[in-house]
Amino acid sequence: MSSLLAFLLLQQDQPFLKRFEPTLVHFLMLSFLLFVVGVAGVLSRRNIIIIFMSIELILNAVNLNLVAFSRYFQINQEVLRAKGLFIDSLMGPVFTIFIIVVAAAEAAVGLGIVIAMFRNRETVAIDEIDMLKW
Amino acid sequence: MLKLVWLIPVFPLVGFLINFLLGKKLKLSEKAISTVACGTILVSLLLTIGAFYDYAANYAPAHDNKPYVTSIDPDTGEKAGFPHSFTWLPGGQAHNSQGKAAGALSNFDIEWSYQIDQLSLVMMFIVTFVGFWIHVFATGYMHGDKGYYRFFAYLNLFMFMMLLLVMGSNFLIMFIGWEGVGLCSYLLIGYYFDRQEAGDASKKAFIVNRIGDFGFALAIMGVFAAFGTLQFSELAELSANYDVEKLWTFGLMSWIALGLFIGATGKSAQIPLYIWLPDAMAGPTPVSALIHAATMVTAGVFMVTRTNFIFQRSVTMMMIVALVGCLTAFVAATIGITQTDIKKVLAYSTVSQLGYMFLGCGVGAFVAGIFHVFTHAFFKALLFLGSGSVIHGLHHEQEMPRMGGLAKYMPTTYKTMMVGWLAICGIIPFAGFWSKDEILWKTFSTEVFGGGKILWAIGFITAGMTAFYMTRLMWMTFKGEERFRKAHHDSHDSHGDDHHTVEPHESPPSMTLPLVVLAAGSAVVGLIGMSPAITGGVNINWFEHWLDPVIVKVGEASGHATAEHHIEPIEYVLILLSLAVAVGGIYLGRLFYEKRTELADIWAAKLRPLYTLSFNKWYWDWLLDVKGVEAGKAANNALWKVDAVVVDGGVNGSAWLTRIGAAISGWWDKWVIDLAVNATGWIVRAGSVIFRAFQTGAWQNYALLFTFGLFIIVFLYERTVIYSTIKSLWGMIRGSGN
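Here the protein sequences come in this chain order: X and E. Each number in the numbering used here comes from the position in the first sequence (counting from 1) with 15 added on. Each number in the numbering used here comes from the position in the second sequence (counting from 1) with 67 added on.
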C-alpha cells in the first residue's frame, strides 16, 4: 500500500506528455488483468490442467507487479530518497525468482497428484473430485 | 536257563500280539492261531522248567536260598542290563532334577525286573503248565467259534499278565499283572458279549475287583511311605525292624496288611467280595478253568504269601485272614450244595477252596496255603475242563437236572473227573487230601492266635460238605436217569435249529488229552507234600522244604515247620477224622442222589429255611446287588435332588437374577444413555444444516468464497485508498477527456 501511495504522490508531479510512455500504471493494469483472468480461470474451469495454467497466470501477474515496481523505484531512486523513502530495488527481482522456483516445484508436485488422481478416477474434472469434504 | 527267565513272559506277549493284531487281518486259520497260542505257552513252560532246575540245582545252593532278582547278574554279581531288567520309572531322578528337597520320593526308582525264588517258581510252573493244557483244551472247545483269534489272544495276554504278577520283583510290576489279569478276566467273562448275562457278569467282576484293587493300591502307597522301597527282597529285610503287633492292636503293619488283604479278597473272591466269581461262569469254560479256578483267583493267596513278612507282623490281621478264609469256605460250601448249574457248583467250590487257602495263610501255614493252590490248580482245572467237556458234549447245556447218565456216553471225561472228584473230596492219596489235611492240621495246631480249634471245626464240617456237593455233582451228571433227551426235547423250540442231535458225544482228543494229563497230575502231585505223620516220621515233605526259605520267621510265634517235625498223636486222629468226614460226605451224597433220590426233596422240605438260604446264596447277592445298589441309587437320587433343587436352584436363580439385572441395565442403556448420545448427535446435526451447505467438497467453491472474502477484506481495510484511486483515475479520465 505504501508503494501505491508513492505512485499517487508521484503522479501529481508528472508533466502530462510523459504519460504516454508505458508507465507503471500500464504494467499494473496488465498485472491486474492477468490476475483477474487467472482467478476467473481458477474459479470457473473444470479441467484441472487449465486451472494449473490459471494459477501460473496469477503467479506471473504477481511477478510482473514486483518487477514493475522494482524498475519504477530504481528509476525514481533520488526522488524517493528526497521524500524520505528508502526502498531496495533488488528485492522485487529476487522475490520473482523465488516465486518462479516455487511455481515450478508446485507444478511438478501438482501434476504428479493429477496423474495419480487420473489413474484412480480416470478423470481430471475438478467437480468430480469432491472427496475433501469427508 | 536262569538267565533266560525274562523270556518267559515275553513269549505269551508275542503270541498275543500275533493273534490279536494279525489274527483277523490275515484271516489266520484255527490251526495257525492255536499253534501260535499253545506254542508260545509251551516255550514258556519249557523255560520255566529249565529255570526251575537251574535255580534248584545251581543258584539256590550257591546263594543261600536267596531269591534271584534279574537286575543282578547271577554269575558276576554285577548289575544286569536290558533285557534282564531296566529302569522303568526313574521318579527319583526326575524329583531330584527339579531341585526339590530330597524326601522319600527321591528314592523312588522302579526297576523292571523279575524275582525268581521258590515261591514264584512254583506259581510260574502252575501258570504255565496248567495254562498250557487249558490252551490245548480250548483249541477243541472253541472250535468253530467266530472269535477264535480273539479268544486265544486274550488267553495269551492273560498268561503274560499272570506271569508278570507272579514274577515281578516289586509291588508295581505285581500290580500291573494284578490289574492286567483283571482286565483279561473282564474281557474273557464278557467274551460272549452278545449275551446280556455275560456282559453284566464281566462288569460285575470288574467293578467288584476295583474295590479290592483300591485297597491294594492304598497298601502299596503305604508300603512305600513306610519302607521307601517296593522291592520284595528289600522289604523282607526291612520289615524285620518292626515288632510283631499283638492281637487286638492295629498298627502300621496291620493297616498295610489290611489294604493288601482287601485286594486279595477282591481278586480271590473272599467274603465280602466273592459275589463276582459265580457270575463269572458266563465266560467260556476254559476261561473258568484257567482264570477262575487255577491261576488268577489264587493270586490273592500268592500275594499274601509273597508279603508274608508284613502279614506275620500283625497277629490281628492274621486272625482276620484266617476268619475270612474259614467263613468263606463254609458259606460257599453251603451255597454249593443247592446250586443246579454245574459250573456254578464248581465256582462255589472254588470260592470254598480259596477260603481254605486263606485259612492256611491266616494260621501261619503259608506253605500249606500255597500247596493247596498247587494241588487245587490241578484238580479244579480238571473238574472245570471236565464240566466243559460235558457242556460241549451236551451242546451247551449247563443245568445238572437236565443231565444224568452221561458216564457211558463220555467215558474219558467221566473217568478223569472221577479222579478230580476224589482229589477234591480229600481221599488219600489224591492231591487234595494232602494239602487240605495240611491246612486243617496247621489250623488245629496254630500258635499264632488262640481258637484254632474252632476254625478247624468249621473247616472240618466244610470238608464234609465239599465231599457231599461234589458227589452230588458227579452223580447228577454222570449217573442215574438220562434226563437230557426229555429236557432237551422240551426246550427244543427255543434253542433253534443248530441243535439237531440230542445225543451226547465224547469230546475230541484235543479236549480229552488235557483231562488225562490233569487227572494224572491230580492223582500224584500231592505226593510231593506228604505229611510226616503218614510217612512214619520221615520228613519227605519236599514242598514244605522247598518253600521254607520264602517264609519269614517271626519270633517263636510262628507255628512253622522246621526240619525235625514233631509228630503228635492227635495228628493221626485228625487225619482219620478228615478221611471219615470225606467218606461220610460221599456216602450221604450217594444216598441222596443214587439210592434214594427222593431223600433230597424230603430233606430240602424239612430244612426249608436253610435250603432257601443256601439256594439264594445267603441273600448276599440280593443284599449287595438289589439292596446295596438300590440304596446307592436312592442315595444318588437324594443327592440328585439336592443337586437339582439347591445347587441348580442357586445356579438358575443367580442366572435369573443376572438376566433381570441385565434387562434393567439394557433398558437404561437403550432409552437413557443411548438417547442422550443420540440426542447430542441430532442437535449437532440440526445445528449444522446451514454450515453443511457450504461443505460441497468442490474446492472451487471454497476458492470462490475465499476470493470474495479477500475482496471484502481488501475493500474494508483499504477503502480510502481505493476511493482516492478511483477518484484520481476518474480525474485522469475527465482530464484527458477535456
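In this text, a Cβ means the ideal position worked out from N, Cα and C, and glycines have one as well. Remember, it's a predicted structure, so these values are computed and weren't measured experimentally.
- Ranking Gln379(E), Tyr654(E) and Leu449(E) by CA distance to the CA of Ala205(E) puts Leu449(E) first.
- For a Cβ distance threshold of 9 angstroms, nothing in chain X lies close to Val781(E): the least Cβ distance comes to about 10 angstroms.
- Contact between Trp488(E) and Glu661(E) does not hold, since the beta-carbon distance rounds to 14 angstroms and is not under 8 angstroms.
- When C-beta atoms of the region 390 to 406 of chain E are compared with those of the region 321 to 338 of chain E, three or more pairs fall below 8 angstroms, so the two segments count as touching.
- For the region 86 to 127 of chain E, the continuous alpha helix (DSSP H) assignments of 4+ residues that do not extend past its boundaries occur at 97 to 121, in sequence order.
- Legend: CB atoms of the region 115 to 144 of chain X lying less than 7 angstroms from CB atoms of chain E belong to residues Ile141 and Asp142.
- Remark: C-beta atoms of Leu72(X) and Val52(X) approach each other more closely than 8 angstroms.
- Neighbours of Val57(X) in chain E, taken as residues at a C-beta separation under 7 angstroms, are given in chain order as Ala770.
- For the 8 angstroms CB-CB criterion, Val81(E) and Thr107(E) form a contact.
- In this structure, Thr442(E) lies near Val592(E), with their beta-carbon atoms less than 8 angstroms apart.
- A distance below 8 angstroms between beta-carbons, with the five flanking residues on each side excluded, links Glu145(E) to the following residues of its chain, in chain order: Ile139.
- Segment contact: the region 459 to 467 of chain E against the region 511 to 523 of chain E, fewer than three CB-CB distances shorter than 8 angstroms; contact not assigned.
- A distance of 8 angstroms or more separates the beta carbons of Ala286(E) and Met384(E).
- Counting C-beta pairs closer than 8 angstroms gives three or more between the region 142 to 159 of chain E and the region 173 to 183 of chain E, which meets the contact rule.
- Using a Cβ-Cβ distance cut-off of 8 angstroms, the region 107 to 120 of chain E and the region 179 to 198 of chain E are in contact, since at least three pairs of beta carbons, one from each stretch, lie closer than that value.
- Where Glu178(E) is concerned, the enclosing beta strand (DSSP E) starts and stops at Ile177 to Trp179.
- Taking a cut-off of 8 angstroms on C-beta distances, the region 222 to 233 of chain E touches the region 184 to 193 of chain E, as three or more cross pairs fall below it.
- CA-to-CA, the gap between Val203(E) and Phe535(E) works out to about 31 angstroms.
- The C-alpha of Tyr686(E) is placed about 19 angstroms away from the C-alpha of Thr417(E).
- For Trp200(E), the enclosing alpha helix (DSSP H) starts and ends at Gln185 to Tyr208.
- What Thr774(E) touches in chain X, judged by beta-carbon distance under 7 angstroms, is Val54 and Leu58, going in chain order.
- Counting every other CB atom within 10 Å of its CB across the protein chains shown gives Glu137(X) a total below 16, marking it as exposed.
- The C-alpha of Phe149(E) lies about 53 angstroms from the C-alpha of Thr544(E).
- The beta carbons of Cys492(E) and Gly652(E) sit about 7 angstroms from each other, so the pair counts as a contact at 8 angstroms.
- Taken through DSSP and simplified to helix, strand or coil, Gln767(E) comes out as helix.
- The region 425 to 465 of chain E is shown to contain whole alpha helix (DSSP H) runs of 4 or more residues at 433 to 460, in chain order.
- DSSP places Leu230(E) within a helical segment (H, G or I) once states are collapsed to three.
- Under DSSP, Asp142(X) takes part in no beta bridge, so it has no partner.
- Against chain E, a Cβ distance below 7 angstroms from Leu74(X) picks out nothing, because the smallest value is about 15 angstroms.
- Contact check for Leu81(X) against Thr38(X) fails: the beta carbons are separated by 8 angstroms or more.
- The beta carbon of Ala347(E) lies closer than 6 angstroms to those of Ile256, Ala268, Ala272 and His359 in the same chain, with the five residues before and after it left out.
- DSSP, read as helix, strand or coil, puts Val136(E) in strand.
- Non-local C-beta neighbours of Arg60(X) in its own chain, meaning closer than 6 angstroms and more than five positions away in sequence, comprise Ile66, ordered along the chain.
- A straight-line Cα-Cα distance of about 19 angstroms links Ile75(E) and Ala361(E).
- In this structure, the beta-carbon distance from Gly422(E) to Thr513(E) does not fall below 8 angstroms.
- Contact between Val136(E) and Ser300(E) holds, since their C-beta atoms are separated by about 6 angstroms, short of 8 angstroms.
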